[in-house]
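Numbering of the sequence shown is given in my numbering, commencing with residue -13 and proceeding in unit increments. Glycine is no exception: its CB is placed at the ideal position from the N, C-alpha and C atoms.
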Amino acid sequence: MILFDSVYINDGGGFVLLNYLVQTLKNSDLDVFYLFDNRTKAYFEDDVALINKDFINNSVYDRKRFYLKNKEKFDFVLCFGNVPPPIRLKAKVFVYFHQPLFLKIPENFSIKNKITYKIKQVFLNYYKGNTDLWLVQSLFIKSSFAKKYLKNDMKNIMILPFYPPLNFDNISINREKNTFLYASNSAPHKNHENLIHAFCDAYDQTKAGALIVTIPQSDEKLCTLIEDKINVGYPLKNVGFIDRESLIELYLSAEYLIFPSLAESFGLGLAEAVDAGCKVIASDLSYTYQVCNPSLTFNPFNRDNIRDAIIKAMREDLPSSQKIISNDINQLILLLSE
């Protein structure tokens, strides 16, 4: 039996990938036991196809207790949440690593966030010996992970990207000129504040354009900033958290995807936007070029540079963006079948 451990995944792009992988595993012939974060219970608890499953708190204590109790039960373990099991198992263990903040913490993070991720890095380093193979989404993550945690030894790291494709076929929506979309959660490294201020600065010069974001109402600080900007006349729109089907319409209605994130292991929105026909304006960082050839890049740490890129996009005819990354979900399932 395979243990699929996703205890450290409960929201954001990681949850999108988690759900896609779970649905794919359900349709395979593999015998899988699913270990979920308690916060995903509302989503997975009533799925009758997931016969073998359990929900626990995403704490070190509860996770270790589960492994100690069930350490002889599984032949294979896939940890989809960056961190190996807290004990060494006889079973073969694969860990899917997809958290760039475990590699480098942005300088503009708050002291609290810096401490939090530094502790997580120490935790990962402590348990790194409890895995047999690391799976990552790009060459950049592979080399960065090996440098930080494995003394540049890459022999036990495999590049295996996957993402859930959106179906844009047979949908006709008028693309709104000079509309910029940033479909992302509001984690600090997503860099929303710089983007919002930069867009408003660009609007002051051009009196054109619109910015759409997907900030959940739970992020009161960002929601307040957006409301304040709207109240003084800036064309911002926050649609909040939306489902995958509604996201299709957003991509098809926007001319540009603007992606100012400071750190990504994959950048799901980049791939989705190119598939939708958006022109991608993105951070001039390594993760961008692992996914696509963007139409335009900017320095995401410099608000003025983001502003200038927005203005340039509206004044010039940018080239189309091209996707580079592939979807290797079938190869991952095959790997688990061996």
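Practice problem: Taking Ala169 as the reference, give the member of Ala259, Glu93, Leu16, Phe1 with the closest Cα. | Solution: Ala259
Quiz item: Does the distance from the CB of Glu231 to the CB of Cys264 come in under 8 Å?
Solution: no
Quiz item: Does the stretch 169 to 179 come within contact of the stretch 140 to 152, defined as at least 3 CB pairs closer than 8 Å?
Solution: no
Quiz prompt | Residues near Val63 in its chain [Cβ-Cβ closer than 6 Å; skip 5 each side] | solution = Leu(-11), Ala77, Val79
Practice problem: May I have the straight-line CA-CA distance separating Val266 from Ser281, to the nearest angstrom? | Solution: 5 Å
Exercise. With distances taken Cα to Cα, identify the nearest neighbour of Val81 among Asn279, Val(-7), Glu58, Asn217.
Key: Val(-7)
Quiz prompt | Contact check, Leu197 vs Phe166, beta carbons under 8 Å | solution = yes
Exercise. Kindly give me the distance between the Cβ atoms of Asp340 and Arg49, rounded to whole angstroms, as I take these residues to be in contact under 8 Å.
Key: Coverage of the chain is limited to positions -13 through 324, which leaves residue 340 absent and any answer about it impossible.
Quiz item: Pick from Glu235, Val122, His183, Cys209: whose alpha carbon is nearest that of Asn156?
Solution: Glu235
Self-check item: Whole-Å CB distance - Ile310 paired with Gln276, under 8 Å assumed
Solution: 7 Å
Quiz item: For Phe154, which of Ser323, Asp139, Gly0, Ser239 has the nearest alpha-carbon?
Solution: Ser239
Practice problem: Take the Cβ of Glu206 as the centre, count every other Cβ of all protein chains shown within 10 Å, and call the residue buried at 16 or more, exposed below. | Solution: exposed
Quiz item: In three-state DSSP terms, what is Gln39?
Solution: Gln is not the amino acid found at residue 39; the sequence shown has Lys there. Looking at Lys39 - three-state DSSP - the assignment turns out to be strand.
Quiz item: Going straight from the alpha carbon of Gln191 to that of Glu179, what length do you get?
Solution: 19 Å
Quiz item: What did DSSP end up calling Asp(-9) once you bin it into helix, strand or coil?
Solution: strand
Exercise. Using a threshold of 8 Å, state whether the C-beta atoms of Phe252 and Gln123 are closer than that.
Key: yes
Practice problem: Report all residues from its chain with a CB closer than 7 Å to the CB of Ser323; omit the five preceding and five following residues, and keep chain order. | Solution: Leu16
Self-check item: Between the CA atoms of Pro92 and Pro246 - distance to the nearest angstrom
Solution: 13 Å
Practice problem: Report the residue from Phe88, Tyr149, Lys104, Phe52 whose alpha carbon sits nearest the alpha carbon of Phe1. | Solution: Tyr149
Self-check item: Of the residues Pro86, Ala28, Gly(-2), the one placed nearest Phe227, counting alpha carbons only
Solution: Gly(-2)
Practice problem: Mark Pro305 as exposed unless 16 or more other C-beta atoms lie within 10 angstroms of its C-beta, in which case mark it buried. | Solution: exposed
Quiz item: Within this structure, are the beta carbons of His84 and Asn68 separated by less than 8 Å?
Solution: yes
Practice problem: Below 8 Å on the Cβ atoms is my guess for Ile244 versus Leu181; work out the distance and round it to an integer in Å. | Solution: 7 Å
Practice problem: Assign Val69 to one of three DSSP states: helix, strand, or coil. | Solution: coil
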